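So in the working numbering, spot 162 of the sequence shown is number 175, and the numbers just go up one at a time.
All residues carry an ideal CB built from backbone N, CA and C; glycine is no exception.
In this text the structure is predicted, and so the values were computed from the model without any measurement.
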Amino acid sequence: MNFEGGVKVRQLFEFEDLSQKLLFRKIRIERFDFESSPQIKTLLMRLGLLTVLGVFLTIAGPFGTYRSGETIQRFVYWFALSAVSVSIALCIQNVLRKCGREWHVLIKESIVILGTTILFTPFLWVWTFHRYPGPLNDPPTVFWMTSVVLAICISVSIFRHGISFFLKQAGVAETENPKVARLIWRLPERFSGRIIHLAIDGHIVQVITDVGTFDLRMRFSDAVDEVSEIKGACAHRSHWVALAEITEIITVKGRP
């Protein structure tokens with residue numbers, strides 16, 4: 014079978030149990046467009062940022078690495094450290110996004126900082142002693158490495174949250190939903206409206222916006238996850254609505 018663009022084939026096991034009345038699923042072949050996939054775009058963006066960061070650290074040569082080894086060796090060294098540290102921090106943030114949504118931001122940031130420091134320092138130690146681009150005349154101690162990693166994590170956290178704080182203090186206006194929902198990347202490129210409501214229609218998720226309705230073949234739970242950047246709630250197991258779009262709540266026999 015020929016398809017334009019990429020193709021993703023997903024095998025779902027078939028079940029048929031009349032006693033339990035289980036629904037069976039069939040093999041589905043879904044179109045997979047690399048240009049419109051939010052996962053691919055996010056991955057490429059992060060790889061680009063890590064490459065830029067690796068080049069910057071290679072040229073800057075912090076901690077005496079400027080004169081150690083050749084340029085390509087320094088780049089591999091710093092790129093690997095950047096990729097692993099960012100990956101660890103993102104994994105911890107994803108876990109907290111699911112398990113600690115109601116926690117205070119200070120608690121979540123503290124867990125990210127401490128978790129990244131504890132998990133990344135051993136890798137930094139091993140990687141430095143095996144792949145350092147030059148001779149280690151004065152090998153650093155584990156305590157020194159831990160202190161440096163902790164200081165960098167704290168600085169990055171302060172920088173991330175400090176920017177938004179100073180913007181608020183300066184009176185910079187913010188929109189109701191400053192972040193763009195990932196689900197928008199699945200809509201046509203010309204789309205520039207607002208997502209109002211999600212609903213299930215069979216195996217299709219209907220995306221109701223202020224400029225029209227779009228149908229997407231995906232799981233409803235995945236669609237709700239991809240609009241997590243927008244403040245909303247599931248009014249029903251088959252319906253999600255943006256809170257900013259609610260103008261009135263009507264009750265029928267005491268129920269909304």
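In the structure shown, what three-state DSSP assignment does Trp253 receive? strand
Would you mind working out which of Ala93, Phe133, Tyr90 and Trp157 sits nearest Ile105, comparing C-alpha positions? Taking only the C-alpha atoms, the option nearest Ile105 is Phe133.
Is it true that the stretch 237 to 257 meets the stretch 209 to 217, where meeting means three or more beta-carbon pairs spaced less than 8 Å apart? yes
Tell me whether Ile197 is buried or exposed, calling it buried when 16 or more other Cβ atoms sit within 10 Å of its Cβ. That one is buried.
Pull up the DSSP beta-bridge partners for Asp235, would you. Answer is none; Asp235 lacks a bridge partner.
Between the alpha carbons of Val218 and Ser234, how many angstroms are there, rounded? 10 Å
Three-state secondary structure (DSSP) of Ile259: coil
Does Cys357 pass the burial test, meaning 16 or more other C-beta atoms within 10 Å, or should it be called exposed? Residue coverage of the chain in this structure runs from 14 to 269, which leaves residue 357 outside it and unanswerable.
C-alpha distance - Ser168 paired with Glu122, whole-angstrom precision: Note on geometry: alpha-carbon atoms of Ser168 and Glu122 lie some 12 Å from one another.
How would you call Ile40, buried or exposed, if buried means at least 16 neighbouring beta carbons within 10 angstroms? Note that Ile40 scores 34 on pLDDT, short of 50, meaning its location in the model is unreliable; the coordinates nonetheless yield the value given after this. Exposed is the call here.
Report the option in Val220, Gly113, Glu261 and Ile262 whose CA atom is closest to the CA atom of His210. Val220
Arg80, DSSP secondary structure in three states: coil
Does Arg59 come out as helix, strand or coil in the three-state DSSP assignment? Arg59: helix per DSSP, three-state reduction.
Mapping DSSP to helix, strand and coil, what is Val218? strand
Going by DSSP in three states, Thr264 sits in which element: helix, strand or coil? coil
When you compare the CB positions of Ser170 and Ile126, do they come within less than 7 Å of one another, or not? yes
What did DSSP end up calling Gly74 once you bin it into helix, strand or coil? coil
Beta-carbon spacing of Gly206, Val224 below 7 Å: yes
What residue range is occupied by the uninterrupted alpha helix (DSSP H) comprising Gly1? The structure shown does not extend to residue 1, since the chain is modelled only from 14 to 269, so the question has no answer here.
Arg114 versus Gly175: straight-line alpha-carbon distance, rounded: 21 Å
Outcome for Val162 when other beta-carbon atoms lying within 10 angstroms are tallied against a minimum of 16: Burial is judged here by how many other beta carbons sit within 10 angstroms of a residue's own beta carbon; Val162 has at least 16 and is buried.
Please report the straight-line C-alpha distance between Gly12 and Trp140, rounded to a whole angstrom. Residue 12 cannot be examined here, being either before or after the span of the chain that is shown, 14 to 269.
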